[in-house]
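Please read the structure below before turning to the comments.
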Amino acid sequence: MGRQPCCDKLGVKKGPWTAEEDKKLINFLLTNGQCCWRAVPKLAGLLRCGKSCRLRWTNYLRPDLKRGLLTESEEQLVIDLHARLGNRWSKIAAMLPGRTDNEIKNHWNTHIKKKLAKMGIDPITHEPLHKQANTHEISSLTDDQPESSNHNLQVPETDGHVNSNDNSSSPTENCSGDESRSLDIKMDDDPLMSCLLGDDAPLVDASWKFPAAGDDYNDVGLSFWDYQDFGVQEFGFSCLDNMVMNTLEMANEH
DNA sequence: AAACAACCCAACCGCACCGCT
DNA sequence: AAGCGGTGCGGTTGGGTTGTT
3 MGRQPCCDKL
13 GVKKGPWTAE
23 EDKKLINFLL
33 TNGQCCWRAV
43 PKLAGLLRCG
53 KSCRLRWTNY
63 LRPDLKRGLL
73 TESEEQLVID
83 LHARLGNRWS
93 KIAAMLPGRT
103 DNEIKNHWNT
113 HIKKKLAKMG
123 IDPITHEPLH
133 KQANTHEISS
143 LTDDQPESSN
153 HNLQVPETDG
163 HVNSNDNSSS
173 PTENCSGDES
183 RSLDIKMDDD
193 PLMSCLLGDD
203 APLVDASWKF
213 PAAGDDYNDV
223 GLSFWDYQDF
233 GVQEFGFSCL
243 DNMVMNTLEM
253 ANEH
């Protein structure tokens, strides 16, 4: 049937966002909240498509974003979640307050993948590379893994018994596009998976309060302004990061 | 100091999904 | 039930930055 493009390409600006554009988008969203994204650029006075605005906001401008490299514990959590969820970056990101799917995806591709490969672990299947040929040996997999990776795969369990390598039920499915499907089947038996893949509350509450029109920004616990490189401080926002840090610490303790 | 390579990340693209009519 | 619009998601890319020779 042919979809209508998210925006007419004519007169729509692409490429890196300028400080001025960021400013307009932030001002609009903080004043009016998130309405339909298609209307945002028009109402905010931006020559961007709504999709671009949404991405800019969710990946860079959102007040609850935590900038900087992933911590060791965050990285381990990502590895563990990836072993269960595959490339479902948004689901993984939902478990890491202040982190975006894009950020995690990038970190995975640039750092973790190499790290795992170096340790002799297939970043897709999370199995030792030398064991790929014989998938029936998976039951002994954790014993054979380097200490660090073994630790990685034992991060947070909600029920205390779920092994991230329970892929053994169908190891051959656990690659490329079929991975998520096989996981879908298994999630019925895994409370954590049910939680992750459903719309239920995450392990930690990553939500943040969006200011209603007229709210004082200082009440929202904005944390990201410090990290921006376009000098948003001029807006006069305070830099409170406690909310995000607290939720992250809660996640790490689990 | 310059040239080149490798790395990193913001942003784009296109498809899938969901809800409304 | 089907069509359509809006949004979300994952894969990919382009350009800037950093490191190496």
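According to our numbering, the first sequence holds residues 3 to 256 in order. By construction, the Cβ of each residue, glycine as well, lies at the ideal position given by its N, Cα and C atoms. Since we're looking at a predicted model, the values are computed, not measured.
From the options, residue whose alpha carbon lies closest to that of residue i
i           : options          : result
residue 124 : 88, 97, 102      : 88
residue 72  : 114, 22, 33      : 114
residue 74  : 66, 120, 90, 109 : 109
residue 106 : 118, 32, 117, 81 : 81
residue 117 : 78, 91, 83       : 78
residue 66  : 54, 98, 122, 112 : 98
residue 111 : 14, 13, 91       : 91
residue 50  : 13, 70, 83       : 13
6 Å Cβ shell around residue i - same chain, five flanking residues per side excluded
i          : result
residue 47 : 26
residue 61 : 102, 104
residue 19 : 58
residue 34 : none
Helix, strand or coil at residue i according to DSSP, with G and I counted as helix
i           : result
residue 126 : coil
residue 58  : helix
residue 1   : Outside the shown range of the chain, which is 3 to 256, sits residue 1, and nothing can be said about it.
residue 103 : helix
residue 16  : coil
residue 68  : coil
residue 112 : helix
residue 78  : helix
residue 34  : helix
residue 98  : coil
residue 118 : helix
residue 29  : helix
residue 91  : helix
residue 150 : Only weak support is given to the placement of residue 150: the predicted model assigns it a pLDDT of 38, under 50, and the value that follows is read from those uncertain coordinates. Reduced to three states, the DSSP call for residue 150 is helix.
residue 86  : helix
Own chain residues within Cβ distance below 8 Å of residue i, not counting five before or after
i          : result
residue 56 : 39, 42
Per-residue burial, residue i [other beta carbons within 10 Å of its own, 16 or more giving buried]
i           : result
residue 96  : buried
residue 16  : exposed
residue 23  : buried
residue 37  : exposed
residue 120 : exposed
residue 45  : exposed
Close Cβ partners of residue i (< 7 Å) along its chain, the five nearest in sequence each way excluded
i          : result
residue 63 : 24, 27, 28
residue 31 : 59
residue 83 : 94, 97
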